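*Asks:* Quick one: structure below, then a few questions.
Numbering (UniProt numbering), first residue to last: 1 to 310.
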């Protein structure tokens, strides 16, 4: 006895639907992440970095908590907490503080470009802490990527010292992003993504508690527009964008998907140009191209030697 297959037309239709949903989720993620750089730059004029970090993380913790607590949960074990702390302190705490201060000094597009060296730092740290192989393409990519940072810094060298401080604060943000990614990687093999992100947000908020007095002052003295922008950062680029990213990651090739994040600096630059009337210095574009080229080079795989003939 044979079992009839379902109509052939249904599978392609479902496949097309999934493809469009994935593409839509990618577009939403990139747009929201790019908008975060512009929103931070806009708020940096009136909201101190610590207060902005704490406000954003508190809002994101509540938004993600609603998602996590509505369904069965998987709580971390004892061995998971050191990695959760490293991820929360580095990626969600120090990263936000460094980036927020950097964007008070340099424009949104430049900040986004510098943070794109994060994957290079991830590759470097993976060779040290995860035992991954070092190859010539990784070394070449690192050299090209960091040369891009030097070119970007050169573009700001004619300004005051604060500009250079902003560049290196953005580099610090890229480093803490890389540390957070490496800490998160093994966690996602044992825990659901929403729980990891939620707990990391809470840890990051705890890191920023010393600035709670500043946040109280901001909430008391700021207008409704400023408070809405802080809420926007917590809900959209953090809670929603991380959720759509997880949706796409579960249905796509991780390596190919990561390459799409290279669009974030250019989207951020366009939004900043339209809303804030700011354009990065000319050398920033050359340096940004080198940064992205460096990341692409680190992803090249060395050719395997052909087996010797016997």
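No residue lacks a Cβ here, since even glycine has one placed at the ideal position from N, Cα and C.
Note that this is a predicted model, so its numbers are computed, not measured.
Give the straight-line distance between the Cα atoms of residue 49 and residue 100, rounded to the nearest whole angstrom.
*Replies:* On the chain shown, position 49 is the one that residue 49 refers to. On the chain shown, position 100 is the one that residue 100 refers to. Their Cα atoms are separated by approximately 5 Å.
*Asks:* Return the chain-ordered ranges of every alpha helix (DSSP H) run that is complete within the UniProt domain "EamA" (165-298) and spans a minimum of 4 residues.
*Replies:* 193-207, 212-221, 224-233, 241-249, 254-259, 263-276, 282-298
*Asks:* Measuring only the C-alpha atoms, how far is residue 188 from residue 206?
*Replies:* Along the chain shown, read from residue 1 onward, the residue named residue 188 stands at position 188. Along the chain shown, read from residue 1 onward, the residue named residue 206 stands at position 206. Residue 188 and residue 206: Cα-Cα distance of roughly 22 Å.
*Asks:* For residue 272, which residues in the same chain have their Cβ closer than 7 Å to its Cβ, ignoring the five residues on either side in sequence?
*Replies:* The sequence position of residue 272 within the chain shown is 272, counting from 1. These residues qualify, in order along the chain: 38, 41, 107, 108, 109, 278.
*Asks:* Quick check: the Cα distance between residue 235 and residue 280, rounded to an integer number of angstroms?
*Replies:* Position 235 of the chain shown, counted from the first residue, corresponds to residue 235. Position 280 of the chain shown, counted from the first residue, corresponds to residue 280. About 27 Å.
*Asks:* When you compare the CB positions of residue 230 and residue 52, do they come within less than 8 Å of one another, or not?
*Replies:* Here residue 230 refers to the residue found at position 230 of the chain shown. Here residue 52 refers to the residue found at position 52 of the chain shown. Contact flag set, yes.
*Asks:* Roughly how many angstroms separate the alpha carbons of residue 285 and residue 79, rounded to a whole number?
*Replies:* Within the chain shown, the letter at position 285 stands for residue 285. Within the chain shown, the letter at position 79 stands for residue 79. Residue 285 and residue 79: Cα-Cα distance of roughly 43 Å.
*Asks:* Measuring straight from C-alpha to C-alpha, what distance separates residue 54 and residue 143?
*Replies:* Within the chain shown, the letter at position 54 stands for residue 54. Within the chain shown, the letter at position 143 stands for residue 143. If you take the alpha carbons of residue 54 and residue 143, they lie about 35 Å apart.
*Asks:* Should the segment 59-66 be regarded as contacting the segment 134-148, the criterion being three or more beta carbon pairs within less than 8 Å?
*Replies:* no
*Asks:* Put residue 82 into one of helix, strand or coil per three-state DSSP.
*Replies:* Taking the first residue of the chain shown as position 1, residue 82 is located at position 82. It is helical.
*Asks:* Do the CB positions of residue 86 and residue 22 come within less than 8 Å of each other?
*Replies:* Taking the first residue of the chain shown as 1, we reach residue 86 at position 86. Taking the first residue of the chain shown as 1, we reach residue 22 at position 22. Cβ distance not < 8 Å, so residue 86 and residue 22 don't count as in contact.
*Asks:* With DSSP as the reference, label residue 117 as helix, strand or coil.
*Replies:* For the purposes of this step, residue 117 is identified with residue 117 of the chain shown, where counting begins at 1. Correct three-state label for residue 117: coil.
*Asks:* Give the single residue among 17, 32, 20, 186 whose Cα lies nearest to the Cα of residue 266.
*Replies:* Translated into the one-based positions of the chain shown, residue 266 becomes position 266. Per the Cα distances, 32.
*Asks:* Which of helix, strand or coil does DSSP assign to residue 47?
*Replies:* By one-based count along the chain shown, residue 47 stands at place 47. The three-state secondary structure of residue 47, taken from DSSP, is coil.
*Asks:* When the Cα of residue 192 is compared with those of 246, 14, 30, 237, which residue comes out closest?
*Replies:* Locating residue 192 in the chain shown gives position 192, counting from the first residue. Considering only alpha carbons, the answer is 246.
*Asks:* Answer yes or no: do residue 172 and residue 98 have a C-beta to C-beta separation smaller than 8 Å?
*Replies:* Taking the chain shown and counting its residues from 1, one reaches residue 172 at position 172. Taking the chain shown and counting its residues from 1, one reaches residue 98 at position 98. A contact, by the Cβ cut-off of 8 Å.
*Asks:* Counting along the chain, where does the alpha helix (DSSP H) carrying residue 100 start and finish?
*Replies:* The residue labelled residue 100 in the question sits at position 100 within the chain shown. Looking at the DSSP string, the run of the alpha helix (DSSP H) that includes residue 100 is 95-102.
*Asks:* Roughly how many angstroms separate the alpha carbons of residue 161 and residue 147, rounded to a whole number?
*Replies:* Stepping through the chain shown from its first residue, residue 161 is reached at position 161. Stepping through the chain shown from its first residue, residue 147 is reached at position 147. Its pLDDT being 47, under 50, residue 161 is placed unreliably in this model, and the coordinates cannot settle the point.
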